[in-house]
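Take the sequence shown: its letters are residues 776 to 1155, numbered as in the numbering used here. Yeah, the Cβ is synthetic: ideal placement off N, Cα and C, and Gly gets one too. What follows is a single structure, written as structure tokens, with notes after it.
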Amino acid sequence: MKKRHLVIGLCFVTSALISASAIRTNAASGDCDLSQTTLNKVVLTSSLPLVKGQALIDVDNPTPFITGMRVRVMSGSSLASTKFAEGRVGLIRDCTIAVNIDAVSGVGAIKNGRFSVAGETGRVGPRGFRGLTGATGARGIAGLTGPMGPIGLTGATRATGAIGPTGPTGSTGPTGATGATGATGPTGATGPTGATGPTGATGSTGPTGPQGVQGIQGIQGPVGPFGSYGSFYDTTTQTLTTTNTPIPMTFNQVTPGTNGVIAAGVSVVGGSKIYVEDTGVYNIQFSAQVAKEDAGIDTMDIWLSVDGSPVPWTNTSITIDTAKRYVAAWNFMVELTGGHYFQLLYSTADIQMSLLAVPPQTGPTRPGIPSVILTVTQVR
């Protein structure tokens, strides 16, 4: 699976944040949703590298964005986010916006990200210069982060401005639910930006007024001990429609926080493709309940595939005789690249073999049996 990164240089001059000639349209006008919506419903449609600098970002709807506003892009792959990038919006064209990224958290890239408004950073306004001749002119106005206003002429002597108040501490993100590995709590809300202090008094070389105090960023929830992880399963019996053909094992319980599913940085797409966000070494463990309904002795092969290609020396065969059930359970230790996927594949010559799921039973009361259980843990 290929990732694309779009980065260009931005030039901040007065109120224009980027030249219109540097923006390209990311989709035909018929593909860009221009209906009115809110910022938290906008979805990132391109991959955004977590590096500071200037970038072009593709979104599914540009209507909530305003040139000059400061936004945060957060990882949207789970209930909790340990990745984000912040910056100021420049020129907006169709579903592409220009952003000057000046703050990041995490490594790699953000995919399927969500947006929120980010707090402003206080900035000291420019100091007025002594005029050569003539009457005293107006002093320069203090600007926020972004384009700087023109230098003012020498202003009248004034008292030193007071330091702006400190923004309140953002609320602490809640602790994730207890499971095999605790889920990561969501990032706390960003505290508001402190007010900018006024320009200091002008003298022969007048002192500069103090900078406004920046708001404090919210506290981030705890991170799992091994990085990315995921636990998924399937509650249906997976039957064969053809023999001697590679068939992927599927999963229908894949939503974090629902029916015991937990995941951060690992997700299931299309029922069978398991994607990882971060590059690293992963321990892949599974168990499958294999059943044979007819007479005779038959064999089932099970192996690992990465990005559609079988991984060498990962196949294992199990042999089952008349009307019996067996559990296939083993694990693989593989290195995976962020943004890529793997699958568990199987095949057999007997169409009467299946991956069997059993609903909850009584006498005694006991839980159901999934046809397949999968856990994925990043170990490095």
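Sixteen is the threshold: when 16 or more other Cβ atoms of the shown chains lie within 10 Å of the Cβ of E1052, as they do, the residue is buried. Judged by DSSP in its simplified three-state form, D1096 adopts coil rather than helix or strand. Burial check for R845: the Cβ neighbour count within 10 Å reaches 16 or more, so the residue is buried. Between G862 and I841, the C-beta gap is not smaller than 7 Å, which leaves the two residues out of contact. In the DSSP secondary-structure assignment, T1074 is bridged to T1094.
With respect to the C-alpha of K1099, the residue from K816, M1128, W1105, S1092 having the closest C-alpha is M1128. Under the Cβ criterion (8 Å, minimum of three pairs), the segment 1110 to 1128 does not count as touching the segment 1026 to 1037. Ranking M1108, D1082, K858 by CA distance to the CA of R889 puts K858 first.
In terms of Cβ geometry, Y1008 and I1148 form a close pair [threshold 7 Å]. Between T1010 and the set A884, S1084, G1046, T1020, the nearest pair of CA atoms involves G1046. Assignment of beta-bridge partners to G1002 by DSSP yields no partner. In the three-state reduction of the DSSP assignment, L1079 falls in the strand class.
Between I1077 and A1103 the beta-carbon gap is near 6 Å, inside 8 Å, which marks them as a contact.
Here DSSP, grouped into helix, strand and coil, assigns N815 to helix. For D806, the three-state secondary structure derived from DSSP is helix. Inter-residue distance for D1073 and T1150 is about 28 Å (C-alpha atoms, whole angstroms).
The Cβ-Cβ distance between I872 and V848 does not fall below 7 Å. For F1061, the three-state secondary structure derived from DSSP is strand. For L1149, the enclosing beta strand (DSSP E) covers residues 1147 to 1153. Between the alpha carbons of A952 and T813 lies a distance of about 29 Å.
A893 sits away from V879, with the two beta carbons spaced by 7 Å or more.
Take the alpha-carbon of V834 and the one of C870: they are about 5 Å apart. In this structure, DSSP gives Q1127 a state outside helix and strand, which the three-state scheme calls coil. When the Cα atoms are used, I1059 and L1079 turn out to be separated by approximately 10 Å. Closest by C-alpha distance to V1109, out of P1087, T1097, P949, is P1087. The Cβ atoms of G1113 and T1054 lie closer than 7 Å to each other. The three-state secondary structure of F840, taken from DSSP, is coil.
By the criterion of a C-beta distance shorter than 6 Å, T1016 is surrounded by no residue of its chain, once the five residues flanking it on both sides are discounted.
Across the set G1083, K1067, Y1004, the C-alpha of Y1004 shows the shortest separation from the C-alpha of S1042. Shown here for V817: same chain residues with a beta carbon closer than 7 Å to its own, the five before and five after excluded, namely V834, D835, N836, P839, F890 in chain order. Straight-line spacing of the CA atoms in E1068 and A830 works out to 58 Å. Under DSSP, K1067 shares a beta bridge with M1128. If you compare the alpha carbons of L866, S1122, D806, G865 with that of Q1013, the shortest gap goes to S1122. In the DSSP assignment, M1108 is bridged to N1058.
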